[in-house]
Amino acid sequence: MPFELNRRAFLGAVAGPLLASGACRSNSETPTWHAGVAAVDITPEDSLWMAGFAARTVPAQGVALPLHAKALAFQAAGHPAAVLVTVDLLGLTARLTDRAAIAVKRRYGLSRADILFNASHTHCGPVVDEQLSVAYDLSPEAWAAIRAYSAGLEEKLVTVVGDALARLAPATLAYAQGQAGFGRNRRVRFTPEGPVSHEVPVLRVTGTDGALLAIVFGYACHNTTLQDKFVQYHGDYAGVAQAALEERHPGTTALFVAGCGADVNPHPRGTLELVQAHGTALADAVDATQPAGASVESALHTAYATVDLPFVDDAARQRWKAGLDIDEKYLRRHAALMERTIARDGGLPPAQPAPVQVWRFGSTFTLIALGGEVVVDYAHRLAREYPDRQIWAAGYSNDVFGYVPSLRVLREGGYEGGDAMIYYGLPGPFTEGVEELLLTEVRRQMAV
113 MPFELNRRAF LGAVAGPLLA SGACRSNSET PTWHAGVAAV DITPEDSLWM AGFAARTVPA
173 QGVALPLHAK ALAFQAAGHP AAVLVTVDLL GLTARLTDRA AIAVKRRYGL SRADILFNAS
233 HTHCGPVVDE QLSVAYDLSP EAWAAIRAYS AGLEEKLVTV VGDALARLAP ATLAYAQGQA
293 GFGRNRRVRF TPEGPVSHEV PVLRVTGTDG ALLAIVFGYA CHNTTLQDKF VQYHGDYAGV
353 AQAALEERHP GTTALFVAGC GADVNPHPRG TLELVQAHGT ALADAVDATQ PAGASVESAL
413 HTAYATVDLP FVDDAARQRW KAGLDIDEKY LRRHAALMER TIARDGGLPP AQPAPVQVWR
473 FGSTFTLIAL GGEVVVDYAH RLAREYPDRQ IWAAGYSNDV FGYVPSLRVL REGGYEGGDA
533 MIYYGLPGPF TEGVEELLLT EVRRQMAV
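In our numbering, the protein residues as written are 113 to 560.
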């Protein structure tokens with residue numbers, strides 16, 4: 113049974129005085145949206161360790177492209193507001209997003225279902241919280257600097273939500289889909305022509321004066337054109353695409369939503385020229401949808417819950433102990449972390465809580481956001497589950513706790529199938545039932 117927080121279907125109640133002041137109904141037969149957007153720079157002022165590549169040997173050496181957190185508030189006629197928050201970071205942790213969500217509820221009245229966090233998964237941002245701690249060999253001083261940055265980031269996320277809510281104003285929303293072809297499945301030793309999802313979902317938000325306020329767009333591909341030798345802060349192709357769209361459309365805020373592309377890489381990759389090319393191609397794909405697009409029905413249902421994804425049985429998980437006697441730094445760090453966990457908690461966790469969030473924009477489209485690094489099979493599975501609906505599938509949402517393999521990937525094994533658990537500090541691979549557990553919760557939320 114999943115643990116659910118504040119799930120409800122927006123039947124007209126207004127959450128708090130701030131949101132009540134922003135709610136209104138159109139005088140026409142067609143209800144209106146309200147929307148507000150805000151952004152804040154989250155580029156570290158200090159030279160912090162960069163997230164994502166364990167092979168790096170030095171912290172950040174400057175800024176190549178600033179990092180941002182952005183918030184887009186939506187309010188359907190007569191309903192409470194909901195806010196999408198995107199960040200140019202590898203990922204956010206449950207500890208950080210839960211605290212931010214509590215502060216958002218206290219200050220602005222939003223329930224947990226009404227706030228959705230998504231990370232672009234750039235590998236050229238700072239380490240946040242204690243994410244992927246096994247991958248990094250850092251001094252106590254370096255970890256203290258990361259904790260200080262994470263605390264400041266949390267406050268910035270809460271503040272940018274408030275800024276977006278304060279700017280709620282009448283708007284229209286339009287949804288479309290484009291295509292970008294630079295993503296390629298990276299599990300070639302298992303499936304030479306592996307699955308990809310080249311769809312580029314696009315949501316445009318336009319003010320009553322016709323000005324384009326915001327563009328939300330997504331892509332299912334690792335945000336890793338730049339690799340471990342690159343040691344400057346940078347948003348990778350997603351950052352380039354956002355900057356390009358904002359330059360092409362002055363006054364617009366562009367927000368990137370990372371899709372289910374944990375086993376997909378940009379191709380080719382490795383240089384600043386290539387990251388510029390991929391980012392430009394993605395921005396072009398977004399702009400190519402501009403003449404088209406369906407008007408978004410002014411109705412919003414939100415739901416949020418966590419699902420426990422079980423690890424393999426205790427006997428199989430005892431393999432971590434071998435790391436204590438192996439001269440391999442990552443295995444040894446992982447084994448030491450498991451020992452500390454047992455000493456603190458009396459044992460290893462039997463399961464990993466995984467967030468599942470559904471935002472249904474009337475009958476126009478539905479955003480399904482899953483936590484973790486979600487492989488592309490889930491994008492295809494969700495499309496098959498709901499062939500009569502426009503599904504926007506997102507990964508890297510609310511908590512990037514590790515890889516989320518499909519049944520196929522789990523059985524094949526490899527990095528996404530289980531090996532990456534070491535770096536995320538998890539006790540072992542998931543059982544074969546995790547895909548169905550996640551889909552069951554999606555179905556439950558979709559049925560309400």
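Here a beta-carbon is modelled for each residue, glycine too, at the ideal position from N, C-alpha and C.
Under the three-state DSSP convention, the category H233 falls into: By one-based count along the sequence shown, residue 233 stands at place 121. Annotated three-state conformation of H233 is coil, per DSSP.
Residue burial classification, R168 (beta-carbon count within 10 angstroms, cutoff 16): On the sequence shown, residue 168 is found 56 positions in, with the first residue counted as 1. Around the CB of R168, 16 or more other CB atoms lie within 10 Å, so the residue is classed as buried.
C-alpha gap between G322 and H390, whole angstroms: By 1-based counting over the sequence shown, the position of residue 322 is 210. By 1-based counting over the sequence shown, the position of residue 390 is 278. Approximately 29 Å between the Cα atoms of the pair.
For Q388, three-class secondary structure by DSSP: Locating residue 388 in the sequence shown gives position 276, where the first residue counts as 1. Three-state result, Q388: helix.
Bridge partners - P422, DSSP secondary structure assignment: The residue you call residue 422 lines up with position 310 of the sequence shown. According to DSSP, which records beta bridges pairwise, P422 is partnered with A463.
T364 burial status per 10 Å Cβ neighbour count (16 or more: buried): The count along the sequence shown starts at 1 and reaches residue 364 at position 252. With 16 or more Cβ atoms within 10 Å of its Cβ, T364 is classed as buried.
Contacting residues, own chain, Cβ-Cβ under 8 Å from A404 (five flanking each side not counted): Taking the sequence shown and counting its residues from 1, one reaches residue 404 at position 292. Excluding sequence neighbours, A404 sits near A288.
Pick from V273, T401, K341, P378 that is closest to Y220, judged by C-alpha positions: Locating residue 220 in the sequence shown gives position 108, where the first residue counts as 1. The shortest CA-to-CA distance from Y220 to any of V273, T401, K341, P378 is the one to V273.
Length of the line joining the Cα atoms of I327 and A366: On the sequence shown, position 215 is the one that residue 327 refers to. On the sequence shown, position 254 is the one that residue 366 refers to. If I take the Cα positions, the gap works out to 5 Å.
Rounded straight-line distance, which links the Cα of G351 to that of N335: Translated into the one-based positions of the sequence shown, residue 335 becomes position 223. Translated into the one-based positions of the sequence shown, residue 351 becomes position 239. Between N335 and G351, the C-alpha separation is close to 9 Å.
Rounded separation between L338 and P499 - CA only: Taking the first residue of the sequence shown as 1, we reach residue 338 at position 226. Taking the first residue of the sequence shown as 1, we reach residue 499 at position 387. Roughly 36 Å between the two C-alpha positions.
Validate contact between the segment 400-420 and the segment 187-196 using beta carbons, cut 8 Å, 3 pairs: The segment 400-420 vs the segment 187-196: in contact.
Residue burial classification, R445 (beta-carbon count within 10 angstroms, cutoff 16): Here residue 445 corresponds to residue number 333 of the sequence shown, with the count starting at 1. Classified as buried, R445 has 16 or more neighbouring CB atoms from the shown chains inside 10 Å of its CB.
Simplified DSSP state of R137, which is helix, strand or coil: Taking the sequence shown and counting its residues from 1, one reaches residue 137 at position 25. With a pLDDT of 29 at R137, under the threshold of 50, the modelled position of this residue cannot be trusted; read the value that follows with caution. R137: coil per DSSP, three-state reduction.
Chain-order list of residues whose beta-carbon lies under 7 Å from that of A215 (same chain, five-residue window excluded): For the purposes of this step, residue 215 is identified with residue 103 of the sequence shown, where counting begins at 1. Only V270 meet the Cβ criterion.
With 16 other Cβ atoms within 10 Å as the buried cut-off, status of A96: Because the chain here runs from 113 to 560, residue 96 falls outside it and cannot be looked at.
Minimum C-alpha distance to T418 - residue among F542, D426, L549, F294: As a first step, residue 418 must be located in the sequence shown, where it is residue number 306. T418 has its Cα closest to that of L549, out of F542, D426, L549, F294.
Touch test, the segment 309-320 against the segment 345-362, Cβ-Cβ under 8 Å, three pairs minimum: Touching, no, given that fewer than three Cβ pairs across the two stretches are closer than 8 Å.
Neighbourhood of T303 by C-beta distance below 8 Å, restricted to the same chain and skipping five residues each side: Position 191 of the sequence shown, counted from the first residue, corresponds to residue 303. Around T303: N297, E524.
Top-ranked residue by Cα proximity to L196, from R207, G203, A181: Here residue 196 is taken as the residue at index 84 of the sequence shown, counted from 1. Among R207, G203, A181, the Cα nearest to that of L196 is on A181.
Rounded separation between A395 and L479 - CA only: Here residue 395 is taken as the residue at index 283 of the sequence shown, counted from 1. Here residue 479 is taken as the residue at index 367 of the sequence shown, counted from 1. Those two C-alpha atoms are separated by around 20 Å.
Residues bridged to S509 [DSSP beta-bridge criterion]: Reading the sequence shown from its first residue, position 397 is the one you call residue 509. Secondary-structure assignment with DSSP links S509 through a beta bridge to N230.
C-beta atoms of V470 and G373 nearer than 8 Å: Counting from 1 along the sequence shown, the entry for residue 470 is found at position 358. Counting from 1 along the sequence shown, the entry for residue 373 is found at position 261. Taking a C-beta distance under 8 Å as the contact criterion, V470 and G373 do not qualify as a contact pair.
6 Å Cβ shell around Q502 - same chain, five flanking residues per side excluded: Position 390 of the sequence shown, counted from the start, is the residue given in the question as residue 502. Within the same chain, Q502 has close Cβ partners F477.
Three-state secondary structure (DSSP) of R316: Counting from one through the sequence shown, the residue named residue 316 turns up at place 204. Strand.
Within 8 Å, strictly: CB atoms of A505 and Y490: Taking the sequence shown and counting its residues from 1, one reaches residue 505 at position 393. Taking the sequence shown and counting its residues from 1, one reaches residue 490 at position 378. Against a cut-off of 8 Å, the Cβ pair of Y490 and A505 comes out as a contact.
Counted within 10 angstroms of its Cβ, other Cβ atoms place G459 as buried (16 or more) or exposed: The count along the sequence shown starts at 1 and reaches residue 459 at position 347. By the neighbour-count rule (16 or more Cβ atoms within 10 Å), G459 is not buried but exposed.
T169, DSSP secondary structure in three states: Counted from its first residue, the sequence shown places residue 169 at position 57. Three-state DSSP puts T169 in coil, outside helix and strand.
Assigned secondary structure, W255 (DSSP; H/G/I helix, E/B strand, else coil): What you label residue 255 is simply residue 143 of the sequence shown in a count that begins at 1. Helix at W255.
Close Cβ partners of Q388 (< 7 Å) along its chain, the five nearest in sequence each way excluded: Locating residue 388 in the sequence shown gives position 276, counting from the first residue. The residues are V352.
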